[in-house]
Amino acid sequence: MKAVLMTAAGSPEVLQVQEVPNPAVPVGNTELLVRLVAAGINPIDTKLRSRGTFYPDRTPTILGCDGAGVVEAAGAGVQRFRPGDEVYFCYGGLGAHQGNYAEYSVVDERFVARKPASISFTEAAAAPLVLITAWEALYERGRLLPGERVFIHAGAGGVGHVAIQLAKLKGATVATTVSSEEKANFVKELGADHVIFYKQTDFVQAVLDWTGGEGVDLAFDTVGGETFHKTFPAVRVYGDIVTILEPDANTVWKTARLRNLRIGLELMLTPALLGLEDILQHHAEILEQCATWIDEGKLKIHVSHEFPLKEAAKAHQLIESGSVTGKIVLLISDK
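Numbering (my numbering) for the sequence shown: 2 to 336.
(1) The beta strand (DSSP E) that contains glutamate 307, what's its start and end?
(2) Where are the beta strand (DSSP E) runs, 3 residues long or more, that stay fully inside the stretch 79 to 104, in chain order?
(3) Using a threshold of 8 Å, state whether the C-beta atoms of glutamate 124 and alanine 314 are closer than that.
(4) Which one of Gln318, Arg115, Asp241, Val330 has the shortest CA to CA distance from arginine 260?
(5) Shortest alpha-carbon distance to arginine 59 belongs to which of Gly100, Lys299, Glu20?
(6) In chain order, what residues of the same chain have a beta carbon less than 7 Å from the beta carbon of glycine 126, not counting five sequence neighbours either side?
(7) Locate the alpha helix (DSSP H) running through arginine 52, then write down its first and last residues.
(8) What number of angstroms, rounded off, separates the C-alpha of arginine 52 from the C-alpha of glycine 213?
(9) Thinking just about the alpha-carbon of each residue, which of Arg258, Val113, Leu95 is nearest to the one in isoleucine 280?
(10) Looking at the unbroken alpha helix (DSSP H) that takes in glutamate 190, where does it start and where does it end?
(11) Could you check whether threonine 228 and histidine 154 sit closer than 8 Å to each other, using their CB atoms as the reference points?
(12) Relative to the alpha-carbon of alanine 292, which residue among Val26, Val163, Asn30 has its alpha-carbon at the smallest distance?
(13) So, glycine 226 versus aspartate 249, is the Cβ gap smaller than 8 Å?
(14) Between which residues of its own chain and threonine 174 is the CB-CB distance below 6 Å, once the five residues before and five after are set aside?
(15) Quick check: the stretch 263 to 275 against the stretch 126 to 145, are there 3 or more CB pairs under 8 Å?
(16) Per DSSP, what kind of secondary structure is glutamate 110 in: helix, strand or coil?
(17) Tell me, which residues are paired with alanine 74 by DSSP?
(18) Would you tell me roughly how many angstroms separate the C-alpha atoms of leucine 95 and glutamate 190, rounded to the nearest one?
(19) From isoleucine 320 to proline 44, what distance separates their C-alpha atoms?
(20) I need the straight-line Cα distance from isoleucine 295 to lysine 116, nearest angstrom please.
(21) Using 10 angstroms around the beta-carbon of glycine 172, count the other beta-carbons present and answer buried if the total reaches 16, otherwise exposed.
(22) Across which residues does DSSP place isoleucine 242 in a beta bridge pair?
(23) Grab the span of the alpha helix (DSSP H) containing glutamate 321 for me, first residue to last.
Printed below as a string of structure tokens:
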């Protein structure tokens with residue numbers, strides 16, 4: 002099969018299309034052989050490519066956590082799927098297991114969800130990692146409740162644009178930051194109630210003005226760095242802030258401590274890295290629920306750019322530019 006191999010850590014040029022052996026057809030177990038139609042690209046892919054995977058002794062490797070495709074074969078123990086079923090999932094791509102920049106992948110059925118019937122494989126491949134990340138950050142780390150006020154950084158981004166929608170589905174009121182009028186219109190279409198142009202406006206003051214000086218119940222940081230601790234004053238006393246980035250060593254915690262903020266750290270890759278199969282199964286359950294909402298028209302995934310498999314390096318260059326709205330996807334094969 003054709004696959005994009007990461008031959009070493011480095012620039013996007015280390016991603017090279019090569020012929021590699023097809024994965025073994027699963028026999029006598031709960032695995033699925035999936036013919037991939039599309040693979041999502043996420044910032045974690047570019048970080049692993051530039052710094053090296055979590056398993057450097059297994060290079061060359063195939064990156065890509067997100068995949069969508071058609072079940073080609075199923076092990077004897079598979080109960081939920083059969084050949085021909087359309088699926089999507091977030092599995093592999095960290096170095097230990099093959100990722101999805103390839104024509105085929107093998108995934109345990111417990112970690113797979115049925116693809117939403119109403120959307121393309123391209124949109125489905127863009128969805129898993131960002132859906133799970135936003136779900137866990139808002140619903141599990143942040144314990145979001147109906148009627149609460151939420152502040153989401155970078156609402157037009159991959160995680161941000163689904164976080165807005167998941168917050169609205171919970172019954173929350175949402176403020177978010179953007180950098181342009183085009184992105185402002187985009188997030189308003191997703192349901193954002195208050196839009197802040199962070200390049201022209203002090204986002205903390207804007208949030209305080211929006212909340213009558215109280216601050217939001219929950220802030221969701223998708224940017225990291227100084228943005229994380231600068232957000233502390235925008236959160237109400239005894240409120241929550243969740244970040245998907247590792248707090249910087251220079252983080253100033255004084256305001257968070259004074260306001261008794263509850264700090265949430267969200268890394269949806271934890272179960273894959275630690276081998277927590279029950280949580281990986283929970284991730285599939287999240288995707289099943291999100292598929293229902295997508296098919297009901299309550300949730301949508303925005304794909305801004307599509308690249309053929311052979312142009313994975315160009316896709317990485319674009320995502321590293323930092324100006325992408327929504328998601329980028331690799332097109333692998335026709336349905």
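Where is the CB? At the ideal position from N, CA and C, for every residue including glycine.
On the basis of the data shown:
(1) Walking along the sequence shown from the start, residue 307 turns up at place 306. Looking at the DSSP string, the run of the beta strand (DSSP E) that includes glutamate 307 is 304 to 309.
(2) 87 to 91
(3) Position 123 of the sequence shown holds residue 124. Position 313 of the sequence shown holds residue 314. No.
(4) Here the question's residue 260 lines up with position 259 in the sequence shown. Checking every option, the nearest Cα to that of arginine 260 belongs to Asp241.
(5) Translated into the one-based positions of the sequence shown, residue 59 becomes position 58. Minimum Cα distance to arginine 59 is reached at Gly100.
(6) Here residue 126 is taken as the residue at index 125 of the sequence shown, counted from 1. The displayed chain sequence assigns alanine, not glycine, to residue 126. Around alanine 126: Ala39, Ala40, Gly41, Asp67, Gly68, Ala69, Tyr89, Val330.
(7) Your numbering for residue 52 matches position 51 in the sequence shown. Residues 44 to 52.
(8) Translated into positions along the sequence shown, residue 52 becomes position 51. Translated into positions along the sequence shown, residue 213 becomes position 212. Straight-line Cα distance between these residues: approximately 44 Å.
(9) Locating residue 280 in the sequence shown gives position 279, counting from the first residue. The shortest C-alpha separation from isoleucine 280 is found at Val113.
(10) Stepping through the sequence shown from its first residue, residue 190 is reached at position 189. Glutamate 190 -> alpha helix (DSSP H) spans 182 to 191.
(11) Walking along the sequence shown from the start, residue 154 turns up at place 153. Walking along the sequence shown from the start, residue 228 turns up at place 227. Yes.
(12) For the purposes of this step, residue 292 is identified with residue 291 of the sequence shown, where counting begins at 1. Answer by Cα proximity: Val163.
(13) Looking up residue 226 in the sequence shown gives position 225. Looking up residue 249 in the sequence shown gives position 248. Cβ distance < 8 Å, so glycine 226 and aspartate 249 count as in contact.
(14) Here residue 174 refers to the residue found at position 173 when the sequence shown is read from its first residue. So the list reads Arg150, Asp194, once near-sequence residues are dropped.
(15) yes
(16) Locating residue 110 in the sequence shown gives position 109, where the first residue counts as 1. Helix, per DSSP.
(17) Counting from one through the sequence shown, the residue named residue 74 turns up at place 73. Leu34, per the DSSP bridge assignment.
(18) Mapped onto the sequence shown, residue 95 falls at position 94. Mapped onto the sequence shown, residue 190 falls at position 189. Each residue's Cα considered, the two are about 34 Å apart.
(19) In the sequence shown, residue 320 corresponds to position 319, counting from 1. In the sequence shown, residue 44 corresponds to position 43, counting from 1. Those two C-alpha atoms are separated by around 7 Å.
(20) The residue you call residue 295 lines up with position 294 of the sequence shown. The residue you call residue 116 lines up with position 115 of the sequence shown. So the alpha carbons of these two residues sit roughly 10 Å apart.
(21) As a working note, residue 172 is residue 171 in the sequence shown. By the neighbour-count rule (16 or more Cβ atoms within 10 Å), glycine 172 is not buried but exposed.
(22) Counted from its first residue, the sequence shown places residue 242 at position 241. Answer by DSSP bridge pairing, in chain order: Ala220, Ile264.
(23) For the purposes of this step, residue 321 is identified with residue 320 of the sequence shown, where counting begins at 1. Where glutamate 321 is concerned, the enclosing alpha helix (DSSP H) stretches over 313 to 321.
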